[in-house]
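Novice:
Protein chains in written order, with the numbering used here: chain A, 167 to 665; chain B, 4 to 445.
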């Protein structure tokens, strides 16, 4: 085994000379002896919060230029040819604060794969034709896909942009249309020089790698340019006073609703895990245990699902479990109501807000608490079944400066926390008076009128419902929202994400 | 760049395994058939206390033969969560919650899969509950009608995608009589009418949810003997009774078909060029060659991809889908075109590429590259119990087992350039072609 290791180390290319290495502090290692694959997560502490004004989207485009373009060693076509037989690739995951180059390959193919991955990071060619292609993809997403292909993704993007307006979090990672159009090769090169530095990188390595690979990677990545990046201050979202509504006016067959407000808590503290219990009960992602799901979908059949979050969860429609490496210092509490028939939009909004208010006012019951903490203690096992996912969590542990493993703490906390802890966390971090609401629907003006007059929103069913549900419907349909005219804004879909 | 990888990997994930010493599959498995016809495949593998449990029903939207009942297999999948007299839906949910299982289900054209991932100490509870709902499902009409609303919600959330609109049109146009004419979620009119089909739903359960139509795949931290004992304990009393649907075969297509479809939102134009393909048959070398042809001709290191995506930049992407099915699926090539005036050019480039593969033997290096990619893509996909069991589900549904995997991979390994040419000649002919072009209305 040892001999093999040495041979492997010799076969890997040397890109730098000398003994300088990425410091051990910036290493996140997860060796798994029997894993036949090797997982890489190379983390750069940069994200869309670092986009210069007028160049929103630059961070994500720079990352794509590294992973979806030529290097100074190989044309993009040659890279595709070389990766193809390995059944491997590498991707850039860009978020607000983090950019992670991820890649995984079988041990048998490491020798061929390693130089391709490291060259993408160390010697991107930054060619105009690659920039043109990547910008075209981003613009197609912003102009067409996001505005038209999924109203729920659209609603979430509007919610985040509204809550964080005027802060470095105030635009989605892929940017704004006019800004993306203005991005030049010079912008990309400067951004790369400024942020893709040896002082700004952390190495995540997992799976069945041999020890010398760690040193090789540390030495090779030391060839990145020097330079410490300035830290962007944590965003200070504008306070929300009352219920604020942004209605995206669109010829939509159904209505997508997202709502939320900033919370001053991130993972790692006891209070966060207490809040996670309350959140799991209220709306665990894509899970029928979600209370909102039970009230809106299961009892009433209004939509496909209803969930809540205390951490950002991008691409919620495509993922069953939480993603990694989308860490944020400032999180929001968020409720996601999947598309409902337009005639039930007012009712569904009221139902969600009413359930949330009940939880904030009354807290959880002992039985709900016991069931949910038991659920989470085991359910978090599914958050990271693969080496790549566990490595992602290990990097996030470093992002959040945790002493131990978040997933481990999660399980431990489930036996330590009490109902009183959970209900105290609810009272401290959640409220229902000051919320931003984003709604994608048609006939925005009539919905605005209905909201402002707090008009009754009765609901009818094609099937018989139990008396208890019908009397609850009465309460929901008259649940007061007290929205003020100055807090409702109607925007046309074509005006979004422009500049 | 990544689109092709995702598609190929999903193809590979669908392929399976065996227990022979020289098998590509790295885990030993055990297959048993109970006297009532229920097949059980057990795959012990290293995984820290985790088990995946798949109940693969060999019924999907392909089996929806009755007029007006498209989408019913999927709707029925929803109903399976409404519980039994012993474990009513809310009790089933709370038990699943209490054991922290990741539980869900999905429906496709050829199968419906119910899957749970959970801690190994909960295996008996899971087997007891799964066997109960598969034998004793019970729901009343109001719950049935409420669930129809959730299904319509699922349709509504998806139909905003141009690809949903495109696929609906393509399947409707390409097929005349076979049930692949409708998508898995079904025609909207049929979804709207679902609340009226309560009595029909009961017959659906009686006909299809029978032991001889179902394969259970259990993978992860398990002891096969003990697992089999539990399955015997809970499933042995289940009575046979599967009634195979009379699926009308699609007659050969004699002439090319073409349609344009309008998407109500804004999108770049999408061209979908589809050919009537072959039913799954790993002993047919021309068919196996066709499974490789899609990536050779249209994958992300193909000449056409490099030309249209990277050099000329006339399309956002081009990709192919060569699925494995019980009956004749469509072999499709999708491209999203940046300018409407290039639609004809891109379409002709696809035709030209297909024609070239009919007369020019593929480069040996390219062929060996794709074989290597297949092998490693398959191995890398087998990393968790859920991925192993889930990855086998389609082959299990098509063939009833997983023995076929070694046959398939053995064939992949020996496909020749000549056979790739034969596959292009056999399947990719103009008269078997259906083309749909989608354009945005705004």
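Cβ coordinates follow ideal geometry from the N, Cα and C atoms, glycine included. Quick caveat: nothing in here was measured; it's all calculated off a predicted structure.
Starting from the beta carbon of residue 253/A, find every residue of chain B whose beta carbon is closer than 7 Å, and list them in chain order.
Specialist: 376, 379, 380, 383, listed in chain order.
Novice: Quick one: what's got a C-beta closer than 8 Å to residue 367/B's C-beta in the same chain, skipping five residues either side?
Specialist: If we look at residue 367/B and ignore the five residues flanking it on each side, its Cβ neighbours are 420.
Novice: Is the beta carbon of residue 172/B closer than 7 Å to that of residue 439/B?
Specialist: Yes, Cβ-Cβ distance for residue 439/B and residue 172/B is below 7 Å.
Novice: Report all residues from its chain with a CB closer than 8 Å to the CB of residue 24/B; omit the five preceding and five following residues, and keep chain order.
Specialist: In this prediction, residue 24/B has a pLDDT of 49, which is less than 50 and means its spatial position is unreliable; nothing more can be read from the coordinates.
Novice: Put residue 438/B into one of helix, strand or coil per three-state DSSP.
Specialist: Note: residue 438/B maps to strand in three-state DSSP.
Novice: Compute the distance between the beta-carbons of residue 134/B and residue 388/B, then report whether it is under 7 Å.
Specialist: Against a cut-off of 7 Å, the Cβ pair of residue 388/B and residue 134/B comes out as no contact.
Novice: Among the candidates 431/B, 198/B, 181/B, 436/B, whose CA atom is the shortest distance from the CA of residue 69/B?
Specialist: Here the closest residue by C-alpha is 181/B.
Novice: Going by beta-carbon coordinates alone, are residue 144/B and residue 201/B separated by less than 7 Å?
Specialist: Yes, the pair counts as a contact, with Cβ atoms nearer than the cut-off.
Novice: Can you list, in chain order, the residues of its chain whose CB lies under 6 Å from that of residue 384/A, leaving out five sequence neighbours each side?
Specialist: Excluding sequence neighbours, residue 384/A sits near 187, 188.
Novice: Count the other C-beta atoms from every protein chain shown that fall within 10 angstroms of the C-beta of residue 612/A, then say buried if there are 16 or more, exposed otherwise.
Specialist: So residue 612/A counts as exposed.
Novice: How is the beta strand (DSSP E) around residue 34/B delimited, first residue to last?
Specialist: Counting along the chain, the beta strand (DSSP E) containing residue 34/B begins and ends at 33-36.
Novice: Mapping the DSSP letters down to three states, classify residue 263/B as helix, strand or coil.
Specialist: In the structure shown, residue 263/B sits in a strand (DSSP, three-state: E or B).
Novice: To the nearest angstrom, how far is it from the Cα of residue 189/B to the Cα of residue 81/B?
Specialist: When rounded, the distance between both Cα atoms is 14 Å.
Novice: Can you give me the start and stop residues for the alpha helix (DSSP H) that residue 114/A sits inside?
Specialist: Nothing can be reported for residue 114/A, as the shown portion of chain A is limited to 167 through 665.
Novice: Out of 442/A, 335/A, 657/A, 582/A, which one is the CA nearest neighbour of residue 212/A?
Specialist: Nearest option by C-alpha distance: 335/A.
Novice: Taking buried to mean at least 16 other C-beta atoms within 10 Å of its own C-beta, is residue 405/A buried or exposed?
Specialist: By the neighbour-count rule (16 or more Cβ atoms within 10 Å), residue 405/A is not buried but exposed.
Novice: Using a Cβ-Cβ cut-off of 7 Å, state whether residue 120/B counts as contacting chain A.
Specialist: Yes, residue 120/B counts as interfacial toward chain A.
Novice: Taking DSSP as the reference, what is the three-state secondary structure of residue 381/B?
Specialist: It is helical.
Novice: Can you find the residues in the same chain that come closer than 7 Å, C-beta to C-beta, to residue 87/B, ignoring five residues on each side of it along the sequence?
Specialist: Once the five neighbours on either side are set aside, the close Cβ partners of residue 87/B are 135, 136, 139, 140, 141.
Novice: Taking beta-carbon pairs under 9 Å, can you tell me which members of the region 308-326 of chain B lie near chain A?
Specialist: If the cut-off is 9 Å between Cβ atoms, the region 308-326 of chain B has 308, 309, 312, 313, 314, 316, 319, 320 near chain A.
Novice: Are residue 227/A and residue 369/A closer than 7 Å when you measure CB to CB?
Specialist: Contact flag unset, no.
Novice: Please classify residue 187/B as buried or exposed, where buried requires at least 16 neighbouring CB atoms within 10 angstroms.
Specialist: The residue is buried, with at least 16 neighbouring Cβ atoms inside 10 Å.
Novice: Note the first and the last residue of the continuous alpha helix (DSSP H) segment covering residue 229/A.
Specialist: Note, residue 229/A: alpha helix (DSSP H), 224-233.
Novice: For residue 31/B and residue 247/B, what's the separation of their Cα atoms in angstroms?
Specialist: Their backbone Cα atoms lie some 32 Å apart in a straight line.
Novice: Between residue 457/A and chain B, is the shortest Cβ-Cβ distance under 7 Å, so that the two count as touching?
Specialist: Not closer than 7 Å to any Cβ of chain B, the Cβ of residue 457/A fails to qualify, so no.
Novice: Would you kindly work out how many angstroms separate the C-alpha atoms of residue 444/B and residue 197/A, rounded to a whole number?
Specialist: Computed Cα separation, rounded: 53 Å.
Novice: So if DSSP puts residue 272/A in a beta bridge, which residue, or which two residues, is it bridged to?
Specialist: 203/A, per the DSSP bridge assignment.
Novice: Counting only beta-carbon atoms, is residue 541/A nearer than 7 Å to chain B?
Specialist: Yes - at least one Cβ of chain B is within 7 Å of the one on residue 541/A.
Novice: Determine, for residue 24/B, whether the minimum Cβ-Cβ distance to residues of chain A falls below 7 Å.
Specialist: Annotation note: pLDDT 49 at residue 24/B (below 50); position unreliable, no value reported.
Novice: For chain B, is any of its Cβ atoms less than 7 Å away from the one on residue 243/A?
Specialist: With 7 Å as the cut-off, residue 243/A counts as an interface residue toward chain B.
Novice: Give the residues from the region 264-279 of chain A that approach chain B closer than 9 Å (Cβ to any Cβ), ordered along the chain.
Specialist: Cβ contacts with chain B come from 270, 271, 272, 274, 275.
Novice: For residue 433/B, which residues of its own chain have a beta-carbon under 7 Å away from its beta-carbon, when the five flanking residues on both sides are left out?
Specialist: The answer, listed in chain order, is 259.
Novice: Hey, is residue 198/B's beta-carbon within less than 7 Å of any beta-carbon in chain A?
Specialist: At least one chain A Cβ lies under 7 Å of residue 198/B.
Novice: How is the beta strand (DSSP E) around residue 47/B delimited, first residue to last?
Specialist: Unbroken beta strand (DSSP E) run through residue 47/B: 42-47.
Novice: Can you tell me which of 37/B, 218/B, 234/B, 51/B puts its alpha carbon nearest to the alpha carbon of residue 128/B?
Specialist: The residue with the shortest Cα to Cα distance from residue 128/B is 234/B.
Novice: Could you please give the first and the last residue of the uninterrupted alpha helix (DSSP H) stretch that includes residue 304/A?
Specialist: Where residue 304/A is concerned, the enclosing alpha helix (DSSP H) stretches over 294-306.
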